[in-house]
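Numbering (my numbering), first residue to last: 11 to 148. For each residue, glycine too, the CB sits at the ideal point set by N, CA and C. Computed from a prediction, not measured in an experiment: that's the story for all the values here. I have placed the structure first, in the form of structure tokens, so that the comments after it can refer back to it.
Take a look at the structure:
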């Protein structure tokens, strides 16, 4: 998996900035890891892969990695998790929500962004959770 130092920040003619990583999925699927337009940043869905591309076997660890990847993307755009205003969580087994809550609750205890958790039929590879985030840096 790419590291933050391998990421590229591209400023578009209209002033939007987008974060590109060496992930093969971004050009193939036509998206960026994150996009900033004015004071808003949207971080694309992140699954909980380790830096080497493997998946932790534990749902809480996958959730932690999702949050770390979101934090890395925000950092590349000079923002932090403290500026997150909305998160969307996609999970393959919503009955395990407490494992996700243990990470999200401690991470966002003082921030308290808007949040939704949705059960989905499946995610890529061995992913059990995928999280996307929006931040406001105004």
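Item, Value
"Out of curiosity, what's the CA-to-CA distance linking residue 125 and residue 91?", "14 Å"
"Identify whether residue 134 lies in helix, strand or coil by the three-state DSSP scheme.", "coil"
"Take the Cβ of residue 55 as the centre, count every other Cβ of all protein chains shown within 10 Å, and call the residue buried at 16 or more, exposed below.", "buried"
"Nearest by alpha-carbon distance to residue 145: which of 50, 68 and 138 is it?", "50"
"Count the other C-beta atoms from every protein chain shown that fall within 10 angstroms of the C-beta of residue 24, then say buried if there are 16 or more, exposed otherwise.", "exposed"
"Could you give the DSSP three-state label for residue 116: helix, strand or coil?", "helix"
"Starting from residue 69, trace the alpha helix (DSSP H) both ways and give me its first and last residue.", "69 to 86"
"To the nearest angstrom, report how far apart residue 84 and residue 59 are at their CA atoms.", "17 Å"
"Per DSSP, residue 102 forms a beta bridge with which residues?", "For residue 102, which the question treats as bridged, DSSP gives no partner whatsoever."
"Taking just the CA atoms, how far does residue 139 sit from residue 133?", "7 Å"
"So, is residue 75 buried or exposed, given that buried needs 16 or more other C-beta atoms within 10 angstroms?", "buried"
"Please classify residue 92: does DSSP put it in a helix, a strand, or coil?", "helix"
"Are residue 97 and residue 143 touching if we call contact CB-CB under 8 Å?", "yes"
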